[in-house]
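Heads up: the structure comes next, in structure tokens.
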Amino acid sequence: MEIEECIKDAFEDSMQLFVQTEEYKKERDEINDMIITFRAMLDVNRQLQFNEIVDAITVADGKLASEAYLHGVVEGIALREKIIG
Numbered sequence: 272m273e274i275e276e277c278i279k280d281a282f283e284d285s286m287q288l289f290v291q292t293e294e295y296k297k298e299r300d301e302i303n304d305m306i307i308t309f310r311a312m313l314d315v316n317r318q319l320q321f322n323e324i325v326d327a328i329t330v331a332d333g334k335l336a337s338e339a340y341l342h343g344v345v346e347g348i349a350l351r352e353k354i355i356g
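Position in the sequence shown (first residue = 1) + 271 = the numbering used here.
Take a look at the structure:
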């Protein structure tokens, strides 16, 4: 397995404590409430379209977070080597 894959695989474990915080849970609940309220105003076809949009945003944000984590780890290692090594 490549180092990049290993780092990306560690993302979920690394973020586990954060996603269990009350602040994060509260924020997610508020966002879900907004989505539910908005979705209720739409007809069935628009609801399906809205679901596709939300899903696409979720996937894109997940990719961004994964890449940001990877870059942070790599840059952190490089900085450590520069300072210590």
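All residues carry an ideal CB built from backbone N, CA and C; glycine is no exception.
For residue 340 versus residue 282, is the C-beta distance shorter than 9 angstroms? yes
Taking the C-alpha atoms as reference points, what is the distance between residue 338 and residue 325? Within the model, the alpha-carbon separation for residue 338 versus residue 325 is close to 20 angstroms.
Going residue by residue through the stretch 278-345, where are the continuous alpha helix (DSSP H) segments of at least 4 residues, counting only ones entirely within it? Counting whole runs of 4 or more residues, the stretch 278-345 contains the alpha helix (DSSP H) stretches 282-290 and 293-311.
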